[in-house]
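Q: Heads up: the sequence lines are chains F and B, in that order. Just add 145 to wherever you are in the first sequence, counting from 1, and you've got this note's numbering. Just add 145 to wherever you are in the second sequence, counting from 1, and you've got this note's numbering. So that we are looking at the same thing, I have put the structure below in structure tokens.
Protein chains: 2
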Amino acid sequence: MARPRRTTKEKLLDAAEKLFARKGYHGTSLRTITRAAGVDLALVNYHFGGKQPLFEAVLERRGALLNEERLRRLAEVRRAAAPAPASTEAVVGAFFDPILDFLEHADRGWHSYFSLLAEVNNSPEWGKRMMGKTFNATVKQFIEALMQSLPQAAPQDVYWGYNFLTGALTLSLAETGRLDVLSAGLCRSADVAALRARLGPFVAAGLRGLARR
Amino acid sequence: MARPRRTTKEKLLDAAEKLFARKGYHGTSLRTITRAAGVDLALVNYHFGGKQPLFEAVLERRGALLNEERLRRLAEVRRAAAPAPASTEAVVGAFFDPILDFLEHADRGWHSYFSLLAEVNNSPEWGKRMMGKTFNATVKQFIEALMQSLPQAAPQDVYWGYNFLTGALTLSLAETGRLDVLSAGLCRSADVAALRARLGPFVAAGLRGLARR
DNA sequence: TAGATACTTCAACGAACGTTGAAGATATGT
DNA sequence: ACATATCTTCAACGTTCGTTGAAGTATCTA
């Protein structure tokens, strides 16, 4: 069979993903990345054109896959419920489940990617521009679906609700280990099954609570 | 009256707070900070002993005030409900309201501080150690109060619920401006009154949803 | 196989970084 | 006013940073 050998580009993306997730954009040097990837320093500029383009490429690589899978599931739950609108629980599930599935079944890189995404999402420096470029189109469709599932809610409530929803999600993906410390080991932040069992119910109940406010 | 002139230490803390919030620890240089503060570069090392001690001093200055006010309000809602345990809504309010009040009525520095806190809370580099040092003792009391307000909930549910709660809160404080973009201006992330009206109901409903899961 | 294209290596650039120590200025206490 | 403690200035240290261009090697095309 064909050798599935990683290209230089992939090696760089993998190493950058892991290291950016740990120390952020400014806390990670190209020398650290290229050393971890086992390639020459100058190759970053050859393949990506600089540090920032590399950072954006890291965010967009898996972002595109995530968007695809989310929209696929959104269409699925909508079709299943038609002609009625999909329920809040189903829409929320279509938003969360791809992430949880990637974390449970796919390669370790997704952990770094989501941890990085959590930091980017909460950063004034990157939050608006980078998250928007990759995710706005998809997110707008989910917000629309949430509005249809909660016809009695004001649009402002749904926008704020999405903000809370994504905040709860991203902190859960940040891999800070804080939950483990606070609960003295009773909960483990890497326990995807425990997160899956609780995030959906929490958020769906929260959105309904907002709607009947 | 006595001159309320800011000391060099305060000037440094104020400037560092604002700039760390915008670009993070590694993205902000001491030269940028001292230039903004209008003091000499070497004074950081004289007054704080280095860059990292300055960063920790920034986090702890307002953290201590926040802890004080949160515990004061927690005691208040507990006394008001005694001998019954305080309600989930009241405990959640005691946790959120000090922040919202500081944002609405106090100086602009709190905005930077909370924005910085949001980034720190979601960062693997600082999240566990720095948040823990300043907030763990207080947070544990709130988690205990939440457990008492939700006797039917498993402890794990409350720990995870606290995780979602603080995630929703911190993203709302992060000042990324993303909510404004997504809602095309319909919602403004700096609108504290809008946040106050929605965060409590969302979180309280979410916690109850978790408890009856 | 010859030539062109794609990729990699190597050495170095100027700029910015955190930190330091000695000298100078200011405030304090007697 | 003088001695002392506190604070500030200044110039420089050694590192590390992102980026670059020229030279070398591998890969592909005809």
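The C-beta atom is built at its ideal place from N, Cα and C for all residues, glycine as well. Quick caveat, the model's predicted, so the values are computed rather than measured.
Should the stretch 250 to 259 of chain B be called in touch with the stretch 215 to 226 of chain B, which here means at least 3 C-beta pairs below 8 Å?
A: No, because fewer than three Cβ pairs between the stretch 250 to 259 of chain B and the stretch 215 to 226 of chain B fall closer than 8 Å, the two stretches do not touch.
Q: Ignore the nearest five residues each way along the sequence and tell me which others in residue 356 (chain F)'s own chain have a CB closer than 7 Å to its CB.
A: Working through the first sequence from its first residue, we reach residue 356 (chain F) at position 211. For residue 356 (chain F), where only same-chain residues beyond five positions count, the Cβ hits under 7 Å are 295, 297, 298, 302.
Q: Output the residue ranges of the alpha helix (DSSP H) runs that lie fully inside the stretch 178 to 242 of chain B and measure 4 residues or longer, sorted by chain position.
A: 188 to 192, 196 to 226, all fully within the stretch 178 to 242 of chain B.
Q: Apart from the five residues just before and just after residue 279 (chain F), which ones in its own chain have a Cβ nearer than 7 Å to its Cβ?
A: To locate residue 279 (chain F), count along the first sequence from 1; it is residue 134. Closer than 7 Å at the Cβ level, and outside the excluded window around residue 279 (chain F), lie 204, 205, 208.
Q: Determine whether the beta carbon atoms of residue 318 (chain F) and residue 262 (chain F) lie at a separation below 8 Å.
A: Sequence index remark: in the first sequence, residue 318 (chain F) carries index 173 (1-based). Sequence index remark: in the first sequence, residue 262 (chain F) carries index 117 (1-based). In this structure, residue 262 (chain F) lies closer than 8 Å to residue 318 (chain F) by Cβ.
Q: By the three-class DSSP mapping on this structure, what secondary structure does residue 170 (chain F) have?
A: The residue given as residue 170 (chain F) occupies position 25 in the first sequence. If DSSP states are grouped into helix, strand and coil, residue 170 (chain F) belongs with coil.
Q: Using a Cβ cut-off of 7 Å, pull out every chain F residue sitting near residue 302 (chain B), in sequence order please.
A: Taking the first residue of the second sequence as 1, we reach residue 302 (chain B) at position 157. Neighbours of residue 302 (chain B) on chain F, chain order: 343.
Q: Can you find the residues in the same chain that come closer than 6 Å, C-beta to C-beta, to residue 163 (chain F), ignoring five residues on each side of it along the sequence?
A: Here the question's residue 163 (chain F) lines up with position 18 in the first sequence. So the qualifying residues of the chain are 257.
Q: Just by C-beta distance, which residues in the stretch 304 to 325 of chain F are closer than 8 Å to chain B?
A: Hits within the stretch, in order: 304, 305, 306, 307, 308, 309, 310, 311, 312, 313, 314, 315, 316, 317, 319, 320, 321, 322, 323, 324.
Q: Using 8 Å as the cut-off, can you tell me whether the stretch 237 to 248 of chain F makes contact with the stretch 281 to 291 of chain B, which would need three or more C-beta pairs spanning the two stretches below that distance?
A: The stretch 237 to 248 of chain F is not in contact with the stretch 281 to 291 of chain B.
Q: Is the beta carbon of residue 245 (chain F) sitting closer than 8 Å to the one on residue 337 (chain F)?
A: To locate residue 245 (chain F), count along the first sequence from 1; it is residue 100. To locate residue 337 (chain F), count along the first sequence from 1; it is residue 192. Their beta carbons are under 8 Å apart, which means residue 245 (chain F) touches residue 337 (chain F) by this criterion.
Q: Classify residue 320 (chain F) as buried or exposed, calling it buried when 16 or more other Cβ atoms lie within 10 Å of its own Cβ.
A: Within the first sequence, residue 320 (chain F) is the residue found at index 175, counting from 1. Its Cβ being crowded by 16 or more others within 10 Å, residue 320 (chain F) is buried.
Q: Short of 7 Å in beta carbon distance, which residues of its chain neighbour residue 342 (chain F), apart from the five on each side in sequence? Order them along the chain.
A: Counting from 1 along the first sequence, the entry for residue 342 (chain F) is found at position 197. Once the five neighbours on either side are set aside, residue 342 (chain F) has no close Cβ partner at all.
Q: Would a check of beta-carbon distances place residue 328 (chain F) closer than 8 Å to chain B?
A: Here residue 328 (chain F) refers to the residue found at position 183 when the first sequence is read from its first residue. Yes, contact with chain B.
Q: Check residue 357 (chain F) in the structure and name its three-state DSSP category.
A: Within the first sequence, numbered from 1, the residue matching residue 357 (chain F) stands at position 212. Reduced to three states, the DSSP call for residue 357 (chain F) is coil.
Q: Just by C-beta distance, which residues in the stretch 163 to 179 of chain B are closer than 9 Å to chain F?
A: Listed by position, the residues of the stretch 163 to 179 of chain B near chain F (Cβ gap below 9 Å) are 166, 167, 168, 169, 170, 171, 172, 173.
Q: Can you pull the chain B neighbours of residue 358 (chain F), defined as C-beta to C-beta under 8 Å?
A: As a working note, residue 358 (chain F) is residue 213 in the first sequence. Residues of chain B passing the Cβ test: 342, 343, 346.
Q: Is the beta carbon of residue 310 (chain F) sitting closer than 8 Å to the one on residue 284 (chain F)?
A: One-based indexing of the first sequence puts residue 310 (chain F) at position 165. One-based indexing of the first sequence puts residue 284 (chain F) at position 139. Going by C-beta atoms, residue 310 (chain F) is not nearer than 8 Å to residue 284 (chain F).
Q: Determine the DSSP secondary structure at residue 334 (chain F), reduced to helix, strand or coil.
A: Numbered from its first residue, the first sequence carries residue 334 (chain F) at position 189. It is coil, neither helix nor strand.
Q: Hey, does residue 296 (chain B) have any beta-carbon neighbour from chain F nearer than 8 Å?
A: On the second sequence, position 151 is the one that residue 296 (chain B) refers to. Judged by the 8 Å Cβ criterion, residue 296 (chain B) is not in contact with chain F.
Q: Taking only three categories from DSSP, how would you classify residue 270 (chain B)?
A: Taking the first residue of the second sequence as position 1, residue 270 (chain B) is located at position 125. In this structure, residue 270 (chain B) counts as coil in the three-state DSSP scheme.
Q: What's the gap between the Cα of residue 146 (chain B) and the Cα of residue 228 (chain B)?
A: Your numbering for residue 146 (chain B) matches position 1 in the second sequence. Your numbering for residue 228 (chain B) matches position 83 in the second sequence. Residue confidence for residue 146 (chain B) is low, a pLDDT of 35 falling below 50, so the modelled location carries little weight; the figure read from the coordinates is stated next. C-alpha separation (whole angstroms): 47 Å.
Q: With a threshold of 8 Å between beta-carbons, can residue 284 (chain B) be considered close to chain F, or not?
A: In the second sequence, the residue the question calls residue 284 (chain B) occupies position 139. Answer yes: the Cβ-Cβ gap between residue 284 (chain B) and chain F drops below 8 Å somewhere.
Q: Alpha helix (DSSP H) containing residue 322 (chain F): first to last residue?
A: Counting from 1 along the first sequence, the entry for residue 322 (chain F) is found at position 177. Taken as a continuous stretch (DSSP letters only), residue 322 (chain F) belongs to no alpha helix (DSSP H), as it is neither H nor E.
Q: Which class does residue 153 (chain B) belong to by DSSP, given the choice of helix, strand or coil?
A: Position 8 of the second sequence, counting from 1, holds the residue named residue 153 (chain B). In the structure shown, residue 153 (chain B) sits in a helix (DSSP, three-state: H, G or I).
Q: Between which residues of its own chain and residue 322 (chain B) is the CB-CB distance below 8 Å, once the five residues before and five after are set aside?
A: Position 177 of the second sequence, counted from the first residue, corresponds to residue 322 (chain B). Correct list, in chain order: 334.
Q: For the candidate residues F:197, F:241, F:233, F:267, whose alpha-carbon lies nearest to that of residue 214 (chain F)?
A: Taking the first residue of the first sequence as 1, we reach residue 214 (chain F) at position 69. Among F:197, F:241, F:233, F:267, the Cα nearest to that of residue 214 (chain F) is on F:241.
Q: Using CA atoms only, rank isn't needed, just tell me which of B:199, B:330, B:275 is closest to residue 300 (chain F).
A: If you number the first sequence from 1, residue 300 (chain F) lands on position 155. Among B:199, B:330, B:275, the Cα nearest to that of residue 300 (chain F) belongs to B:330.
Q: Given that a residue counts as buried once 16 or more other Cβ atoms are within 10 Å of its Cβ, and exposed if not, what is residue 159 (chain F)?
A: Stepping through the first sequence from its first residue, residue 159 (chain F) is reached at position 14. Its Cβ being crowded by 16 or more others within 10 Å, residue 159 (chain F) is buried.
Q: Taking Cβ positions, are residue 172 (chain F) and residue 270 (chain B) nearer each other than 8 Å?
A: Position 27 of the first sequence holds residue 172 (chain F). Position 125 of the second sequence holds residue 270 (chain B). In this structure, residue 270 (chain B) lies closer than 8 Å to residue 172 (chain F) by Cβ.
Q: Assign residue 152 (chain B) to buried or exposed, taking buried as 16 or more other Cβ atoms, counted over all protein chains shown, within 10 Å of its Cβ.
A: For the purposes of this step, residue 152 (chain B) is taken as the residue at position 7 of the second sequence. With fewer than 16 Cβ atoms within 10 Å of its Cβ, residue 152 (chain B) is classed as exposed.
Q: How would you label residue 225 (chain B), buried or exposed, when you count the other beta carbons within 10 angstroms and need 16 or more for buried?
A: Position 80 of the second sequence, counted from the start, is the residue given in the question as residue 225 (chain B). Exposed: under 16 other Cβ atoms inside 10 Å.
Q: Grab the span of the alpha helix (DSSP H) containing residue 314 (chain B) for me, first residue to last.
A: Here residue 314 (chain B) refers to the residue found at position 169 when the second sequence is read from its first residue. First-last of the alpha helix (DSSP H) with residue 314 (chain B): 300 to 318.
Q: List, in chain order, every chain F residue whose beta-carbon is nearer than 9 Å to that of residue 245 (chain B).
A: Indexing the second sequence from 1 puts residue 245 (chain B) at position 100. Correct list: empty, because the minimum Cβ distance to chain F is about 14 Å.
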